[in-house]
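Asks: Residue numbers (the working numbering): 14 to 470. Here a beta-carbon is modelled for each residue, glycine too, at the ideal position from N, C-alpha and C. Here the structure is a predicted model, which means the values were calculated and not measured. Mind looking over this structure? Questions follow.
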Ligand code: SF4
């Protein structure tokens, strides 16, 4: 009986591949890993610990709290895994690691090499990320570069969470899928060095070390929690813009600068452009009006859905439509008690949002929902959204993007299966490798070309 149950997941994945023949097989497994997490054997953790470990760069992105990780996985697990080969002949595919000791997917060690198994069946080989030279270095104040300026997407992106807390606080304000505040608490409790507010000086020092080592990083993201009042006497735009201004002054055009904040009024968003930011991510999280109100109560109350969307379109006038890339969280449309009950309805709603933005030349992107257990939606929906939803979303995003003839979103490296490095969803894996390139960004900061680049090692 147990045997039959175990085989069931493998059969489901196999059937999903057959039902979605236009999706890369690698993307099917990638989405399944992102929605449900992956386990590691003790030997695999030992191997991973010698490489680049999970830095908890903003959220936990795990399916169990740190306190419940009996194998202390959170200290040794890799930031990402690289899938390749195996019976399905996978092309290189980079997947963010979301820990779940109970997952049927396990990374194990076979004759000294890491492999991915599903219910005991070998799926493919696994490459673990090597430790970049800058990860072993420390700042003058003793903090490690991997805490201040960790890198993801196989080294492509430097992720600068400069404020690790969100001022939307508690159940009536926090986005119901987001564990930024809970994760901060659990990391501090677990004893991980975890700076609440990173100083501009720390960021510059860490970036100088990264630049000095000649690392192939191509972009940086500045982000953190929302600032609804002030932080250190500054409002949200002023606070986050100061980091971009300092980076661009010290390292002009060295990286593609990206900013993730709330959708801010036009003149405030312009501060980012003037500071040298090329790409703006005012994330709208979920399209449906009622779901936005229920799932993002703080954003709904402080800004409002229609105003949020208008600000996204206004930002396109400043940055250029291709350079405004709002994120949504793929899967929360189906989270109970608020969400749609059928994949059909959820996809119809998400598609309406894609058409709205893409018809204006703005291509949203998505991260695959990880039902984090310290969030209301994660607690109520430990299984997340069905795999079928995630696969339909990939097809819908790909087809809508192609329908409007939009370019490859800039700032993510090369598109296409076997080349994409974006690790928290497969949207880059399903774009045709020969899709048109984005136009050069306009205005200040345009000296730095958003040239696609592949980071491989
Ligand atoms: S605004 Fe929402 S998603 Fe963003 S950090 Fe705050 S709670 Fe999380």
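Please determine if the segment 150-168 and the segment 50-64 are in contact, where contact requires at least 3 C-beta pairs separated by less than 8 Å.
Replies: No, they do not touch.
Asks: Got a sec? Which residues, its chain only, sit under 6 Å from residue 277 by beta carbon, not counting five neighbours each side?
Replies: 250, listed in sequence order.
Asks: Rounded to a whole number of angstroms, what is the C-alpha to C-alpha distance between residue 455 and residue 293?
Replies: Taking the straight line joining both Cα atoms gives about 13 Å.
Asks: Counting along the chain, where does the beta strand (DSSP E) carrying residue 121 start and finish?
Replies: Looking at the DSSP string, the run of the beta strand (DSSP E) that includes residue 121 is 118-123.
Asks: Using alpha carbons as the reference points, say which of 162, 257, 423 and 391 lies closest to residue 190.
Replies: When only C-alpha atoms are compared, the closest one is 391.
Asks: Does DSSP classify residue 294 as helix, strand or coil?
Replies: Looking at residue 294 - three-state DSSP - the assignment turns out to be strand.
Asks: Tell me the DSSP bridge mates of residue 109?
Replies: For residue 109, which the question treats as bridged, DSSP gives the partners 93.
Asks: Given a cut-off of 9 Å on the beta-carbon distance, is the pair residue 99 and residue 128 in contact?
Replies: For residue 99 and residue 128, yes; Cβs fall inside 9 Å.
Asks: Could you check whether the Cβ of residue 185 sits closer than 8 Å to any heavy atom belonging to the ligand SF4?
Replies: Not so, every heavy atom of the ligand SF4 lies at least 8 Å from the Cβ.
Asks: So for residue 479, helix, strand or coil by DSSP?
Replies: The structure shown does not extend to residue 479, since the chain spans only 14 to 470, so no value can be given for it.
Asks: Based on DSSP bridge pairs, tell me the residues matched to residue 135.
Replies: Paired residues: 130.
Asks: The ligand SF4 and residue 298: does the residue's C-beta get closer than 8 Å to at least one heavy atom of that ligand?
Replies: Yes, since a heavy atom of the ligand SF4 falls inside the 8 Å radius drawn around the Cβ of residue 298.
Asks: Hey, residue 165 and residue 86: beta-carbon distance below 9 Å or not?
Replies: Not a contact, by the Cβ cut-off of 9 Å.
Asks: Using C-beta distances below 6 Å, list every residue in its chain close to residue 327, excluding the 5 sequence neighbours before and after it, in chain order.
Replies: Only 279 meet the Cβ criterion.
Asks: Please report whether the beta-carbon of residue 444 lies at a distance below 9 Å from any beta-carbon of chain B.
Replies: Considering every chain present, this structure includes no chain B. It has just one protein chain.
Asks: Using a Cβ-based criterion (distance less than 8 Å to any ligand heavy atom), does residue 366 qualify as near the ligand SF4?
Replies: Residue 366 Cβ: outside cutoff for every heavy atom of the ligand SF4.
Asks: Any idea what DSSP makes of residue 432, helix, strand or coil?
Replies: In the structure shown, residue 432 sits in coil (DSSP, three-state: anything other than H, G, I, E or B).
Asks: If you count every other CB in all the chains shown that lies within 10 Å of the CB of residue 348, and 16 or more means buried, which is it?
Replies: Buried, since its Cβ has 16 or more Cβ neighbours within 10 Å.
Asks: By how many angstroms is the C-alpha of residue 374 removed from the C-alpha of residue 88?
Replies: Straight-line Cα distance between these residues: approximately 42 Å.
Asks: Along the chain, where does the alpha helix (DSSP H) that runs through residue 332 open and close?
Replies: Its alpha helix (DSSP H) spans residues 318-332.
Asks: Can you list, in chain order, the residues of its chain whose CB lies under 6 Å from that of residue 284, leaving out five sequence neighbours each side?
Replies: Counting only Cβ-Cβ distances below 6 Å, and skipping sequence neighbours, we find 250 and 254.
Asks: With 16 other CB atoms within 10 Å as the buried threshold, where does residue 483 fall?
Replies: With the chain running from 14 to 470 in the structure shown, residue 483 is simply not present.
Asks: Is it true that the segment 170-179 meets the segment 220-234, where meeting means three or more beta-carbon pairs spaced less than 8 Å apart?
Replies: Touching, yes, given that three or more Cβ pairs across the two stretches are closer than 8 Å.
Asks: Are the CB atoms of residue 420 and residue 451 nearer to each other than 9 Å?
Replies: A contact, by the Cβ cut-off of 9 Å.
Asks: Only counting the same chain, and skipping five residues up and downstream in sequence, which positions put a Cβ closer than 6 Å to that of residue 458?
Replies: For residue 458, the pLDDT reaches just 40, beneath the cut-off of 50, and the residue's location in the model is therefore unreliable, although a value from the coordinates is still provided. Excluding positions up to five away in sequence, the list reads 289 and 291.
Asks: For residue 450, does the three-state DSSP call read helix, strand or coil?
Replies: If DSSP states are grouped into helix, strand and coil, residue 450 belongs with coil.
Asks: With H, G and I counted as helix, E and B as strand and the rest as coil, what does DSSP make of residue 285?
Replies: Here residue 285 sits in helix by DSSP.
Asks: Quick check: what's the CA-CA separation for residue 363 versus residue 269?
Replies: So the alpha carbons of these two residues sit roughly 29 Å apart.
Asks: Could you tell me the boundaries of the alpha helix (DSSP H) in which residue 159 lies?
Replies: Residues 158-161.
Asks: Determine, using beta carbons only, whether residue 345 and residue 382 come nearer to each other than 9 Å.
Replies: A contact, by the Cβ cut-off of 9 Å.
Asks: Look at residue 442 and residue 39 and say whether their C-beta atoms are less than 9 Å apart.
Replies: Yes; because the gap between Cβ atoms is below 9 Å, this pair is in contact.
Asks: Use the C-beta contact count for residue 32: other C-beta atoms within 10 angstroms, 16 or more gives buried, fewer gives exposed.
Replies: When all chains shown are included, residue 32 counts as exposed.
Asks: Within the same chain, show all residues whose beta-carbon is closer than 6 Å to that of residue 218, passing over the 5 residues directly before and after it, in chain order.
Replies: Around residue 218: 152.
Asks: Any chance the CB of residue 312 is under 8 Å from a heavy atom of the ligand SF4?
Replies: Result yes, Cβ under 8 Å from the ligand SF4.
Asks: For residue 345, verify whether its CB is less than 8 Å away from any heavy atom of the ligand SF4.
Replies: No.
Asks: Rounded to the nearest angstrom, what separates residue 27 and residue 144 at their Cα positions?
Replies: Their Cα atoms are separated by approximately 34 Å.
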